[in-house]
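This report concerns only the one structure given below.
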């Protein structure tokens, strides 16, 4: 690559592009940057000339990224995320303080499992502050695209065709069980799983990967259940399940929580149904010690916890 002056990227122009891309409007970005519309437009054109291609196309009153614009946005997100992280790590903090870790967690992953995955990073000397952000996968990927997350824990791989380049690593594999109150467990235990025909069930929302795989499993067993509730959050589903109105599915790791909660018991594992937990990141190799520790310690482990079933 040439190192003469004309080859260097103007990072002011890149920053202006980054702001416009996230605002979707020159006018809004210009107002926030305290620049005139014409000045900002000139800066964007200069970047387009440097990159030899258009970055935006106009769509009504908004701007839409071109294919080149999407590619450039990926790099800009990383550049300015690292810049923000660098500032946070040195601005008014001691040398031993680490930069905060922003971790996205899909709502349907039990918090006990999140802690198990995160715990290796917490054992680092003087770990940075951990910020947990919950949501569905689409919301979390949008936040990562804006440079706000270092890692996402999800039950499924990212969809194809994302503007953001996402690297996906399998972390663990765990079984799926059905849980309920002792009364429901006894009622449906005999002849399980065929006893589930028309059984009352609480299920994750349709956006959940677990919901998709559970419906596929039910279809393979030629079973139809009676859905009495749908939930975005696994913990809320567990609370409702503890009231005894319906059975509900969850990772086998809920076993430890059931013993100390509302007397929930496991009806049993769903044969041949497993859930993978993936780590999604915007970079192939992380420079952060805490992220490396999470990936290296938990990489492709299988959780095989003993299951407590109703008597």
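Numbering (our numbering), first residue to last: 819 to 1129. Quick reminder that beta carbons are idealized off the backbone N, C-alpha and C, glycines included. A quick note: this is a predicted structure, and the numbers were derived from the prediction, not measured.
Inset, instruction - Inspect the CB distances between the region 1036-1049 and the region 1009-1017 and report whether three or more fall short of 8 Å. - result: yes
Legend entry - Pick from 875, 1042, 927 that is closest to residue 779, judged by C-alpha positions: The structure shown does not extend to residue 779, since the chain spans only 819 to 1129, so no value can be given for it.
Inset, instruction - Label residue 946 either buried or exposed according to how many other C-beta atoms from any shown protein chain fall within 10 Å of its C-beta, with 16 as the threshold for buried. - result: buried
Legend entry - Cβ-based neighbour list, residue 1109, same chain, cut-off 8 Å, excluding 5 preceding and 5 following: Cβ within range, chain order: 919, 939, 968, 969, 1099.
Inset, instruction - Within 10 angstroms of the Cβ of residue 838, are there 16 or more other Cβ atoms? Answer buried if so, exposed if not. - result: buried
Legend entry - DSSP three-state assignment for residue 841, whether helix, strand or coil: Residue 841: helix per DSSP, three-state reduction.
Inset, instruction - Return the Cβ separation of residue 994 and residue 1092 in integer angstroms, given the expectation that the two are a contact with Cβ distance under 8 Å. - result: 7 Å
Legend entry - Residues near residue 1051 by beta carbon distance below 6 Å, same chain, minus five either side: 925
Inset, instruction - Tell me whether residue 1059 sits in a helix, a strand or coil according to DSSP, three-state version. - result: helix
Legend entry - residue 1076 versus residue 1057: straight-line alpha-carbon distance, rounded: Reliability of the predicted coordinates at residue 1076 is poor, the pLDDT of 44 falling under 50, and no value is obtained from them.
Inset, instruction - State the DSSP-derived secondary structure class of residue 1090, mapped to helix, strand or coil. - result: strand
Inset, instruction - From the DSSP output, in three-state form, read off residue 951 for me. - result: strand
Inset, instruction - Using DSSP bridges, identify the partner residues of residue 970. - result: 922, 1098
Legend entry - residue 1003 vs residue 950 beta-carbon contact at 8 Å: no
Inset, instruction - Round the Cβ separation of residue 999 and residue 1062 to the nearest angstrom and send it over; I've been treating them as touching at under 8 Å. - result: 4 Å
Inset, instruction - Please confirm whether residue 853 and residue 881 have their CB atoms less than 8 Å apart. - result: No, Cβ-Cβ distance for residue 853 and residue 881 is not below 8 Å.
Legend entry - Best match in 892, 936, 1087, 1044 for proximity to residue 959 [C-alpha to C-alpha]: 892
Inset, instruction - Return the chain-ordered list of same chain residues with a C-beta closer than 8 Å to the C-beta of residue 976, the five sequence neighbours on each side being excluded. - result: 955, 959, 984, 986, 1098
Legend entry - Opposing strand residues paired with residue 998 [DSSP bridges]: 1083
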